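Okay, structure first, notes after.
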Amino acid sequence: IVVRFLTKRFIWEYDPTLESTYRHQATIDDEVVSMEILDTAGSFEEVLPLKNILDEVKKPKNVTLILVGNKADLDHSRQVSTEEGEKLATELACAFYECSACTGEGNITEVFYELCREVRRRRMVQGKTRRRSSTTHVKQAINKMLTKIS
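The opening position of the sequence shown corresponds to residue 909 in our numbering, with each subsequent residue numbered one higher.
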C-alpha cells in the first residue's frame, strides 16, 4: 500500500517482509505536509498487540490510527471480512478503509491524506498546531496500514 501511494504503481516483486521507512511531502488542502511512513509486514492478528505497544510507548495516548484492509480485489480469497475489519476499527475508535495495492481500488492516496487530515484535526483540538514556514510535520507509524486482507 505504501509503495502504491508513493509511486502510483504496483510492484510485483515487492518484498513485504522487509521494514522500510519513507519520507514524502504532499500538498493536502493547500498545506504542505511532511510524512514519515514506516512500512512493515503485518496482518490482522497483529493489530491489537501493535496498538497496545503504541499505547505503552506513546503517552498520552494520542496516536492517530486508521485501519486499512488490503487486497480488496481478491474478494474470493478473503481471510478477513469487511464486518471483522469494521468491528476492529470500532474497538480501536478509528476509521476503516478497504483498498487494493494491485488495482488501486479504494483510492489509496485519499486514505493517506485522510490520515494526515485527522492528525491535523487532533492537533488543532489539542491546541498543538504550530505552523513553521506553513509546513505541518506529520509523523506516521503505519504498520503497513495495519492490516491486509488476503
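We treat Cβ as the ideally placed atom computed from N, Cα and C, and that holds for glycine. These numbers were taken from a predicted model, which means no experiment stands behind them.
Identify, in the order they occur along the chain, each residue of the same chain with its Cβ nearer than 7 Å to the Cβ of residue 972, setting aside the five sequence neighbours on each side. Sequence index remark: in the sequence shown, residue 972 carries index 64 (1-based). So the list reads 1023, 1026, 1027 and 1030, once near-sequence residues are dropped.
Check whether the Cβ atoms of residue 978 and residue 949 sit closer than 8 Å, and answer yes or no. Reading the sequence shown from its first residue, position 70 is the one you call residue 978. Reading the sequence shown from its first residue, position 41 is the one you call residue 949. With respect to the 8 Å criterion, residue 978 and residue 949 are not classified as neighbours on the basis of their beta carbons.
Using 10 angstroms around the beta-carbon of residue 1035, count the other beta-carbons present and answer buried if the total reaches 16, otherwise exposed. Counted from its first residue, the sequence shown places residue 1035 at position 127. Per the 10 Å Cβ criterion, exposed.
Quick check on residue 929: does DSSP put it in helix, strand or coil? One-based indexing of the sequence shown puts residue 929 at position 21. In this structure, DSSP gives residue 929 an extended state, which the three-state scheme calls strand.
Going by DSSP, what residue range makes up the alpha helix (DSSP H) through residue 996? Within the sequence shown, numbered from 1, the residue matching residue 996 stands at position 88. Per DSSP, residue 996 belongs to the alpha helix (DSSP H) from 990-1000.
Which term fits residue 923, buried or exposed, when burial requires 16 or more other beta carbons within 10 angstroms of its beta carbon? Looking up residue 923 in the sequence shown gives position 15. Exposed is the call here.
Closest to residue 1021 by CA distance: which of 927, 945 and 965 is it? To locate residue 1021, count along the sequence shown from 1; it is residue 113. Residue 1021 has its Cα closest to that of 945, out of 927, 945 and 965.
The alpha helix (DSSP H) that contains residue 1020, what's its start and end? Here the question's residue 1020 lines up with position 112 in the sequence shown. Residues 1016-1033.
Helix, strand or coil at residue 923 [DSSP, three-state]: Residue numbering aside, residue 923 sits at position 15 when the sequence shown is read from its first letter. DSSP places residue 923 in coil when its eight states are reduced to three.
What does DSSP give as the partner residues of residue 981 in its beta bridges? Stepping through the sequence shown from its first residue, residue 981 is reached at position 73. DSSP output for residue 981 lists no bridge partner at all.
Based on the DSSP secondary-structure assignment, which residues constitute the bridge partners of residue 947? The sequence position of residue 947 within the sequence shown is 39, counting from 1. Per DSSP, 928.
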